[in-house]
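Engineer: In numbering that gives the first Met the number 0, the protein residues as written are 0 to 198. Using N, Cα and C, we set each Cβ at its ideal position, and we do this for glycine too. Remember, predicted model here, so these are calculated numbers, not experimental data.
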Amino acid sequence: MLSKFQKLSMKVQYIRMLEDNFAYVLYDEVTRKAAVVDPVEPEKVLEVIDKLNLDLNMILTTHHHWDHASGNNKILSLLKKSIPVYGGDENIQSLSKKLCHGDEIKLATMTIKALHTPCHTKGHICYFVEQKGNAPMCFTGDTLFIGKKFVAGCGRFFEGDASQMNNSLNIILKKLPMSTLIYPGHEYTLSNLKVSLLS
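Here it is as structure tokens:
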């Protein structure tokens, strides 16, 4: 049980991008250190960073598709400092550190673990984040989509097959704690449910 004096400092701010994408600013409320996940529209991201008075330390890219990675070059050019760009695929814009399954990154007192979930793309990475005293979270990009209280689909199989998606969902992501908060790369709930109902 948490002490009533313990301050939970891991926060997430979602930002709507394009038509149905999400970018996320993950930050530590105490240190103000931040990471951004899939900043396809850099100006929107930097507006949130400025508004919340955060120190952007890294870019976490789930995969190389333009609607997730095409803002990397621009956000780096708009920043006044150099920050690392993480991902699992050499095709990611401005990639500076390729991650493998199980690699860990530190952001303040948070641990960010790379989960290689190939199928949508060969190098797709989900980012599992833990901080003592907080519910864990996972940024799933285009591997897993959710509704308000249920799973509502997975990404298309552009560079993989059903066995890879089965492994990504039913072996890798299924091992996450039940308390894990899921942050998908898109809001496809209605369109995915319509397809399911018509099948």
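(1) Going by the CB atoms, is the gap between residue 109 and residue 27 shorter than 8 Å?
(2) Measure the C-alpha to C-alpha separation of residue 87 and residue 50 and round it to an integer number of angstroms.
(3) In chain order, which continuous runs of the beta strand (DSSP E) of length 3 or greater are located wholly inside the region 41-76?
(4) Looking at residue 37: is its Cβ nearer than 8 Å to the Cβ of residue 140?
(5) What does a CB cutoff of less than 6 Å around residue 130 pick up in its chain, not counting 5 residues either side in sequence?
(6) Which term fits residue 148, buried or exposed, when burial requires 16 or more other beta carbons within 10 angstroms of its beta carbon?
(7) From what residue to what residue does the beta strand (DSSP E) around residue 165 run?
(8) Can you give the beta carbon distance from residue 24 to residue 14, rounded, assuming they're within the 8 Å contact cut?
Structural biologist: Taking the coordinates as given:
(1) Here residue 27 is taken as the residue at index 28 of the sequence shown, counted from 1. Here residue 109 is taken as the residue at index 110 of the sequence shown, counted from 1. Cβ distance < 8 Å, so residue 27 and residue 109 count as in contact.
(2) Translated into positions along the sequence shown, residue 87 becomes position 88. Translated into positions along the sequence shown, residue 50 becomes position 51. Taking the Cα positions, residue 87 is about 30 Å away from residue 50.
(3) With a minimum length of 3 residues, the continuous beta strand (DSSP E) runs that stay inside the region 41-76 are 54-59.
(4) Residue 37 sits at position 38 when you count from the first residue of the sequence shown. Residue 140 sits at position 141 when you count from the first residue of the sequence shown. Against a cut-off of 8 Å, the Cβ pair of residue 140 and residue 37 comes out as a contact.
(5) Position 131 of the sequence shown holds residue 130. Result list for residue 130: 9, 108 and 109, in chain order.
(6) Working through the sequence shown from its first residue, we reach residue 148 at position 149. Confidence at residue 148 is low in this model, with a pLDDT of 49, below 50, so its placement is unreliable and the value that follows should be read with caution. Residue burial annotation: residue 148 is exposed, with fewer than 16 other C-beta atoms found within 10 angstroms of its C-beta.
(7) The sequence position of residue 165 within the sequence shown is 166, counting from 1. No beta strand (DSSP E) contains residue 165, which is instead part of the alpha helix (DSSP H) from 161-166.
(8) Position 25 of the sequence shown, counted from the start, is the residue given in the question as residue 24. Position 15 of the sequence shown, counted from the start, is the residue given in the question as residue 14. Contact flag correct, Cβ pair sits at about 7 Å.
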